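Reading through the C-alpha coordinates given below for one structure.
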(Lines of atoms letter the chains of each structure in order from A and count residues from 1; the text may use other names and numbers.)
(Lines give C-alpha, C1' and ligand atoms only; values in the text may rest on other atoms or scores of the structure.)
Protein backbone atom coordinates (compact mmCIF):
# COMPACT_ATOMS: atom_id res chain seq x y z
CA UNK A 1 0.00 0.00 0.00
CA UNK A 2 1.21 3.48 -0.83
CA UNK A 3 2.45 5.73 1.96
CA UNK A 4 1.03 8.81 0.18
CA UNK A 5 -2.49 9.79 -0.82
CA UNK A 6 -3.10 8.93 -4.46
CA UNK A 7 -5.79 9.61 -7.03
CA UNK A 8 -6.89 6.97 -9.53
CA UNK A 9 -8.35 8.39 -12.74
CA UNK A 10 -10.71 5.98 -14.52
CA UNK A 11 -11.07 6.29 -18.31
CA UNK A 12 -13.70 4.40 -20.31
CA UNK A 13 -13.46 4.32 -24.09
CA UNK A 14 -10.82 7.07 -23.97
CA UNK A 15 -12.95 9.51 -21.96
CA UNK A 16 -12.45 10.41 -18.31
CA UNK A 17 -15.17 8.54 -16.43
CA UNK A 18 -14.37 8.92 -12.73
CA UNK A 19 -11.76 9.97 -10.21
CA UNK A 20 -11.22 7.94 -7.03
CA UNK A 21 -9.17 9.26 -4.12
CA UNK A 22 -7.26 6.68 -2.09
CA UNK A 23 -5.80 7.82 1.21
CA UNK A 24 -2.37 6.59 2.33
CA UNK A 25 -2.69 3.03 3.58
CA UNK A 26 -6.43 2.85 2.82
CA UNK A 27 -8.59 0.45 0.84
CA UNK A 28 -11.47 1.84 -1.23
CA UNK A 29 -14.35 0.42 -3.25
CA UNK A 30 -15.52 1.94 -6.52
CA UNK A 31 -18.73 0.82 -8.23
CA UNK A 32 -20.08 1.44 -11.72
CA UNK A 33 -22.69 -0.21 -13.92
CA UNK A 34 -21.59 -2.65 -16.61
CA UNK A 35 -23.87 -1.19 -19.37
CA UNK A 36 -21.95 2.11 -19.17
CA UNK A 37 -18.54 0.42 -19.40
CA UNK A 38 -19.11 -2.61 -21.64
CA UNK A 39 -17.61 -3.00 -25.09
CA UNK A 40 -14.92 -0.41 -24.27
CA UNK A 41 -11.43 -0.21 -22.84
CA UNK A 42 -11.15 0.56 -19.14
CA UNK A 43 -7.96 2.38 -18.17
CA UNK A 44 -6.95 3.11 -14.57
CA UNK A 45 -4.16 5.63 -14.03
CA UNK A 46 -2.63 6.34 -10.61
CA UNK A 47 -1.55 9.88 -9.77
CA UNK A 48 0.38 10.92 -6.68
CA UNK A 49 2.50 13.88 -5.59
CA UNK A 50 6.01 13.79 -6.98
CA UNK A 51 8.93 16.18 -6.79
CA UNK A 52 7.85 19.60 -5.53
CA UNK A 53 4.37 18.21 -4.82
CA UNK A 54 3.42 18.18 -8.51
CA UNK A 55 1.22 15.23 -9.53
CA UNK A 56 2.78 12.43 -11.53
CA UNK A 57 1.61 9.02 -12.65
CA UNK A 58 4.50 7.18 -11.03
CA UNK A 59 4.14 4.43 -13.62
CA UNK A 60 0.92 3.05 -12.14
CA UNK A 61 -1.63 2.12 -14.79
CA UNK A 62 -3.88 -0.76 -15.76
CA UNK A 63 -5.66 -1.35 -19.09
CA UNK A 64 -8.34 -3.95 -19.80
CA UNK A 65 -11.25 -4.61 -22.13
CA UNK A 66 -14.78 -4.84 -20.70
CA UNK A 67 -16.70 -7.24 -22.96
CA UNK A 68 -20.33 -6.81 -24.01
CA UNK A 69 -22.84 -9.00 -22.19
CA UNK A 70 -26.49 -9.21 -23.22
CA UNK A 71 -27.34 -10.82 -19.87
CA UNK A 72 -25.52 -8.33 -17.65
CA UNK A 73 -22.47 -9.28 -15.68
CA UNK A 74 -20.12 -8.60 -12.84
CA UNK A 75 -16.47 -7.57 -12.94
CA UNK A 76 -14.48 -7.57 -9.73
CA UNK A 77 -10.85 -6.46 -9.54
CA UNK A 78 -8.50 -6.31 -6.60
CA UNK A 79 -5.78 -3.80 -7.50
CA UNK A 80 -2.85 -3.24 -5.18
CA UNK A 81 -1.16 0.16 -5.30
CA UNK A 82 2.49 -0.31 -4.42
CA UNK A 83 4.71 2.56 -3.26
CA UNK A 84 7.06 4.01 -5.87
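Numbering (my numbering), first residue to last: 106 to 189. For each residue, glycine too, the CB sits at the ideal point set by N, CA and C. Note that the structure is predicted; figures quoted are calculated from it, not measured.
*Look up residue 181 in the DSSP assignment and say whether it is helix, strand or coil.*
When secondary structure is reduced to three states using DSSP, residue 181 falls in the coil class, being assigned neither helix nor strand.
*Report the residue ranges of all beta strand (DSSP E) runs contained in full by the segment 113–167; include only those spanning at least 3 residues, in chain order.*
The beta strand (DSSP E) runs lying completely inside the segment 113–167 and spanning 3 residues or more are 120–127, 145–154, given in chain order.
*Using 10 angstroms around the beta-carbon of residue 107, count the other beta-carbons present and answer buried if the total reaches 16, otherwise exposed.*
By the C-beta density criterion, residue 107 is buried, having at least 16 other C-beta atoms within 10 angstroms.
*Using only alpha-carbon positions, find the residue among 181, 116, 111, 180 that is nearest to residue 168.*
Nearest neighbour of residue 168 by Cα position, chosen from 181, 116, 111, 180, turns out to be 116.
*Tell me which same chain residues have a C-beta within less than 8 Å of the C-beta of residue 179, skipping the five on either side of it?*
Once the five neighbours on either side are set aside, the close Cβ partners of residue 179 are 139.
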